[in-house]
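Basically our numbering = 1-based index in the sequence shown + 456.
We put the beta carbon where it would ideally sit given N, CA and C, even for glycine.
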Amino acid sequence: MEPKHFDHDEELECKISHVKLSEKSRLKDEVKPIKDDESRAAQAKLDLEVEREWKQLHDAGAGKIEIANSSWAKSVCKGLTINHMNMRCADTGRLMWQSDEWGEDIYRVEQKARLPMDILKCSAVSREINFSSAEEISQFRLEQRVFLDGSCIEEWLFNFGYVIPGSTNTWQQTIESAGPENMLDPEMMSGKLTIETAFYDGQLPIAKTVYRIYYV
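Here's what the structure looks like:
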């Protein structure tokens, strides 16, 4: 589903740690006087952490393609297969897009996906992923970041949970639309929008893939 539209000053900015941002906002709202050097140093450290995370995400480009540098992650990737995926209008159930072409090179090179422009008219999209795993994954989850012209504009988080070794699973997710009045022009976004998907077992990284989106 397409990312929500932001005002001009915000549309090329990325969501960052809610914890850090809310903490920074709280400190500002309370307008408490800084009484000592320790408090002053703590606030300065918080500001630096926020700015560093912001810069890392803003400069991430179109996303990264990689397998985590561990024998465990490589073993999981070798046995983790996406069998097929589809997207439907969540309101009507109409099939909008599907793909059965998921090769082993998804962890090595950027992929392409061609979506119909009509998918942007859906108030919400139901996405179904059918995958198989040879290995056990205790807390399988995804982090997806949406990039436009190389700048992160949105982040989505999805949790699946326990994956039985040697199993095939179906995972359904719902992605809500920002509304037609807040959508960016699909012709302007086509080919400039990328989605980075990071696979995790809890906090342990497994791999990242990148898809470039074209609207047809």
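Return the chain-ordered list of same chain residues with a C-beta closer than 6 Å to the C-beta of residue i, the five sequence neighbours on each side being excluded.
i: Asn-586; result: Asn-539, His-540, Thr-626
i: Tyr-670; result: Arg-570, Ser-646, Gly-647
i: Glu-522; result: Lys-664
i: Met-573; result: Pro-642, Tyr-671
Could you check if residue i is buried or exposed, using at least 16 other CB atoms within 10 Å of its CB as the buried criterion?
i: Ser-481; result: Annotation note: pLDDT 40 at Ser-481 (below 50); position unreliable, no value reported.
i: Ser-633; result: buried
i: Leu-613; result: exposed
i: Val-532; result: buried
For the alpha helix (DSSP H) holding residue i, just list the boundary residues, first then last.
i: Met-644; result: 642 to 645
i: Lys-534; result: 527 to 535
Is the separation between the beta-carbon of residue i and that of residue j shorter than 8 Å?
i: Ala-590; j: Ala-546; result: no
i: Ile-662; j: Ala-569; result: no
i: Thr-650; j: Gln-600; result: no
i: Tyr-656; j: Arg-597; result: yes
i: Met-639; j: Leu-576; result: yes
Between which two residues does the beta strand (DSSP E) containing residue i stretch?
i: Lys-664; result: 660 to 671
i: Val-619; result: 607 to 619
i: Ala-580; result: 580 to 589
i: Met-552; result: 551 to 555
i: Asp-657; result: 649 to 657
i: Val-602; result: 593 to 604
i: Ile-521; result: Per DSSP, Ile-521 belongs to no beta strand (DSSP E) and is neither H nor E.
i: Glu-673; result: This structure leaves residue 673 out entirely; the chain is present only between 457 and 672.
i: Leu-576; result: Unbroken run through Leu-576: none, as it is neither H nor E.
Cα-Cα, which of the options is closest to residue i?
i: Asp-552; options: Glu-652, Ser-582, Gly-519; result: Checking the sequence shown, residue 552 turns out to be Met, not Asp. Looking at the Cα atoms, Ser-582 is the closest of the given residues.
i: Gly-617; options: Thr-537, Glu-592, Ser-607, Ser-555; result: Glu-592
i: Gly-658; options: Met-543, Glu-557, Val-619; result: Val-619
i: Gly-549; options: Glu-584, Ala-497, Gly-622, Glu-643; result: Glu-584
i: Gln-628; options: Ala-497, Gln-595, Lys-520, Met-543; result: Met-543
i: Thr-624; options: Ser-588, Glu-611, Asp-605, Met-644; result: Ser-588
i: Ala-529; options: Asp-574, Glu-494, Tyr-563; result: Tyr-563
i: Gly-606; options: Ile-631, Asp-492, Glu-494, Gly-519; result: Gly-519
i: Ser-594; options: Ala-497, Ser-527, Ser-526, Leu-660; result: Leu-660
Please go through the same chain and pick out, in chain order, the residues whose beta-carbon is closer than 7 Å to the beta-carbon of residue i, but skip the five residues on each side of it.
i: Asn-615; result: Arg-597
i: Glu-566; result: Ile-521, Val-666, Arg-668
Hey, is residue i's beta-carbon within less than 8 Å of any beta-carbon in chain D?
i: Lys-534; result: Of the chains in the structure shown, none is chain D; there is only one protein chain.
For residue i, I'd like the list of residues in its chain whose CB is within less than 8 Å of its CB, leaving aside the five on either flank, ordered along the chain.
i: Thr-630; result: Ala-546, Ala-580, Val-581, Ser-582, Arg-583
i: Ser-495; result: none
i: Asp-556; result: Asn-539, His-540
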